[in-house]
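Undergrad:
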Amino acid sequence: MTIRNKILGLFTALTVSIILMMAAFAYFLINRQSFDDFYKRLEIRAYIAARARLTQDKDNSATYAEIRNEHLERLPHEKEYFIRIDTTGSPAPDPGLKPLRQHFYDNIKTEGKATYRYKDTFYQGVLFENESGKYIVIVSASNVYGQQFMTELRRTLLICMAIAAVVVVTTGLFFSRYILQPVRQITSRVKDIRAHNLHLRLDTPTSRDEMTELAQTFNNMLDRLETAFETQNNFVSNASHELGTPLTAIIGEAELALNKQRNDEQYRQSLSVILKEAERLEHITKSLLSLAQTGFDGKRQQLEKIRTDELIFTVKETIDRINPENQVEIDYTMLPEEEDKLIILGNAQLLQLALSNIVQNACKYSDNRPASVALAATDKNNIIIIKDNGIGIPARDMPFIYDPFYRASNTGGYKGYGIGLPLARNIIRLHGGNIVVNSRENQGTEIRIVLPTYTRS
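To convert a position in the sequence shown, counted from 1, into the numbering used here, add 23.
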């Protein structure tokens, strides 16, 4: 059973049950009121009948008899009984009152009146006293009109229940469709996402409900899958190409050295070439391993609270040690006054690696011209901005800057392997952040890194 049908069934069952209980309660109250009203009418007739028949004053008796005959419509099967209570206090039983029980008479004597129902016949008894003694006056009749009214009420309630059920089912269909509309949209969108278009994402509404959270969670999963697929698809082809070059050089140089007897200087030269290519091979291998290991496996990452200003200071110290001639300056103008805004949750070693790669590129591709690292923070995000005045990136190369081993067309005079920026992006996305590159050829590059601020739950 689909969730839509479950919602419809539950909504219909709950609503119809409530309406049914309310209708049954209303029917019970009206039925009870009908009985009470009929007993009241019988009680009035009993008093009038007693005064018309048992009053010693003939004029009063005639007056009550006239009122009864002219103004009181005779009820179906209406009968009157007059029982005189003897000196012992016990009523003389009438043959026509066999259904009545002794407690009925006892209630009349103690309470002054009593009611009783036997099948469709209603009895109302009252105690009447005059100069000649005490009497029990009983009036009985069938509540035909009340039964007809209750029958009509039941029919009306059943019709209303049927109409209400139709309305509830129709409304339930509409609301179940309306409520699950975001789920259908997500399902339809997800069906369009395949391995070749993992860049597609679900639309995330501005409302902060469960559907928005579901879409954001799915988008995060797509980020992880896209990164994993990109790494897997590019790793084999790129690795075989990049690893093949130094391996070919090493093998060729070794074969050349062993081809014939050579002097010490030639052997030294060959070993120097082999060492250089081996170091290059080691660097490429480590870079590939780092790139492959920066997936989205949260279980392998030890996250801790990190201050971004301290992170930038550490990166600056690293750059100064690697490249003493750099002119990287830290811009303090946008630092927030509240220190709590500078705290993020992440892996310090990986973030240092990502930022160091970006800052090293800023120094390398600007030939150590001045560069800046600025830090700003809001309640939700920490923003790190790295600017340089270097060669920039041509517009035609911008779509490919995150492809591993891809290098811009104007970087031929600079040593590199095209791994730093893809590696940095993987690390930033691992931390739930985002990286944006703005660059124009010969005008420098600005890289903006956004990381979520740590908030106490």
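A virtual CB, placed ideally from N, CA and C, is assigned to each residue, including glycine.
On the premise that residue 349 lies in contact with residue 386, defined as a C-beta separation below 8 Å, what is that separation, rounded to the nearest angstrom?
TA: The pair is a contact, with the Cβ atoms about 5 Å apart (cut-off 8 Å).
Undergrad: Name the DSSP beta bridge partners of residue 163, please?
TA: DSSP, once it has assigned bridges, lists 102 and 146 as partnering residue 163.
Undergrad: Starting from residue 329, trace the beta strand (DSSP E) both ways and give me its first and last residue.
TA: Per DSSP, residue 329 belongs to the beta strand (DSSP E) from 327-330.
Undergrad: Would you kindly work out how many angstroms separate the C-alpha atoms of residue 71 and residue 100, rounded to a whole number?
TA: Those two C-alpha atoms are separated by around 18 Å.
Undergrad: Mind checking residue 163: buried by the 16 CB within 10 Å criterion, or exposed?
TA: Classification of residue 163: buried, given that the 10 Å Cβ count is 16 or more.
Undergrad: Indicate the three-state DSSP secondary structure (helix, strand or coil) for residue 322 in the structure shown.
TA: Residue confidence for residue 322 is low, a pLDDT of 47 falling below 50, so the modelled location carries little weight; the figure read from the coordinates is stated next. Helix, per DSSP.
Undergrad: Need the endpoints of the beta strand (DSSP E) that residue 475 sits in, please.
TA: First-last of the beta strand (DSSP E) with residue 475: 467-475.
Undergrad: Just the Cα atoms here: how many angstroms apart are residue 139 and residue 52?
TA: Rounded to the nearest angstrom, the two C-alpha atoms are 19 Å apart.
Undergrad: Could you tell me whether the stretch 186-198 touches the stretch 216-231, using the rule of 3 or more Cβ pairs below 8 Å?
TA: In short, these stretches do not touch, since the Cβ pair count stays below three.
Undergrad: Nearest to residue 149 by alpha carbon, out of 201, 122 and 128?
TA: Residue 128 is the option with its Cα nearest to residue 149.
Undergrad: Does residue 399 come out as helix, strand or coil in the three-state DSSP assignment?
TA: In the structure shown, residue 399 sits in a strand (DSSP, three-state: E or B).
Undergrad: Verify whether the separation of the beta carbon atoms of residue 166 and residue 77 is less than 8 Å.
TA: No, Cβ-Cβ distance for residue 166 and residue 77 is not below 8 Å.
Undergrad: Since residue 159 and residue 146 should fall inside the 8 Å C-beta cutoff, what is the C-beta to C-beta distance between them, to a whole number of angstroms?
TA: About 11 Å; that fails the 8 Å criterion.
Undergrad: Which complete beta strand (DSSP E) runs does the stretch 352-390 hold, if anything under 3 residues is left out?
TA: Whole beta strand (DSSP E) segments, 3+ residues: 366-369.
Undergrad: Which same chain residues end up closer than 7 Å to residue 65 when comparing Cβ atoms and leaving out the 5 residues on each side of it in sequence?
TA: Result list for residue 65: 145, 147, 162 and 164, in chain order.
Undergrad: Got a sec? Which residues, its chain only, sit under 7 Å from residue 273 by beta carbon, not counting five neighbours each side?
TA: Result list for residue 273: 297, 300 and 301, in chain order.
Undergrad: Tell me whether residue 321 is buried or exposed, calling it buried when 16 or more other Cβ atoms sit within 10 Å of its Cβ.
TA: Because residue 321 carries a pLDDT of 43, less than 50, the predicted location of this residue cannot be relied on, and the following value inherits that uncertainty. Exposed: under 16 other Cβ atoms inside 10 Å.
Undergrad: On the CB-based measure, 16 or more other CB atoms within 10 Å of its CB, does residue 234 come out buried or exposed?
TA: Buried.
Undergrad: For residue 102, which option in 46, 69 and 124 has the closest C-alpha, if you only look at C-alpha atoms?
TA: The candidate whose alpha carbon is nearest that of residue 102 is 69.
Undergrad: Between 60, 442, 157 and 331, which lies nearest to residue 477 when the distance is taken from Cα to Cα?
TA: Checking every option, the nearest Cα to that of residue 477 belongs to 331.
Undergrad: Using DSSP with H/G/I as helix, E/B as strand and the rest coil, what is residue 21?
TA: With the chain covering 24 to 480 only, the question about residue 21 has no answer from this structure.
Undergrad: Between the stretch 368-381 and the stretch 427-441, are three or more C-beta pairs nearer than 8 Å?
TA: Touching, no, given that fewer than three Cβ pairs across the two stretches are closer than 8 Å.
Undergrad: Based on the DSSP output, what are the partners of residue 461 in its beta bridges?
TA: 469.
Undergrad: Checking 8 Å against the spacing of the C-beta atoms, do residue 403 and residue 467 come in under that value?
TA: No; because the gap between Cβ atoms is not below 8 Å, this pair is not in contact.
Undergrad: Could you name the residues that DSSP lists as bridge partners for residue 156?
TA: Residue 156 is bridged to 153.
Undergrad: Should residue 454 go down as buried or exposed, given a rule of 16 or more other Cβ atoms within 10 Å for buried?
TA: It is buried - the Cβ of residue 454 has at least 16 other Cβ atoms within 10 Å.
Undergrad: Take the Cβ of residue 448 as the centre, count every other Cβ of all protein chains shown within 10 Å, and call the residue buried at 16 or more, exposed below.
TA: Answer is buried; the Cβ neighbour count reaches 16.
Undergrad: Could you have a look at residue 54 and say whether DSSP puts it in helix, strand or coil?
TA: Residue state, collapsed to three classes: helix.
Undergrad: Could you tell me whether the stretch 433-449 touches the stretch 383-399, where touching means 3 or more Cβ pairs closer than 8 Å?
TA: Result yes; three or more Cβ-Cβ pairs closer than 8 Å.
Undergrad: Check for me: the alpha helix (DSSP H) holding residue 140 runs from which residue to which?
TA: First-last for residue 140: 136-141, but that is the beta strand (DSSP E), not the alpha helix (DSSP H).
Undergrad: My output table needs one value for residue 283: the three-state DSSP class, helix, strand or coil.
TA: Reduced to three states, the DSSP call for residue 283 is coil.
Undergrad: Just the C-alpha distance for residue 444 and residue 344, rounded to the nearest angstrom, thanks.
TA: Their Cα atoms are separated by approximately 21 Å.
Undergrad: Quick one, which of 282, 141, 271 and 292 has its alpha-carbon nearest residue 303's?
TA: The shortest Cα separation from residue 303 among 282, 141, 271 and 292 belongs to 271.
Undergrad: Assign residue 171 to one of two classes, buried (16 or more other C-beta atoms within 10 Å of its C-beta) or exposed (fewer than that).
TA: Classification for residue 171: exposed.
Undergrad: Rounded to whole angstroms, what is the Cα-Cα separation between residue 58 and residue 175?
TA: About 16 Å.
Undergrad: If I follow the unbroken beta strand (DSSP E) through residue 424, where does it start and stop?
TA: Premise fails: residue 424 is in no beta strand (DSSP E) and is neither H nor E.
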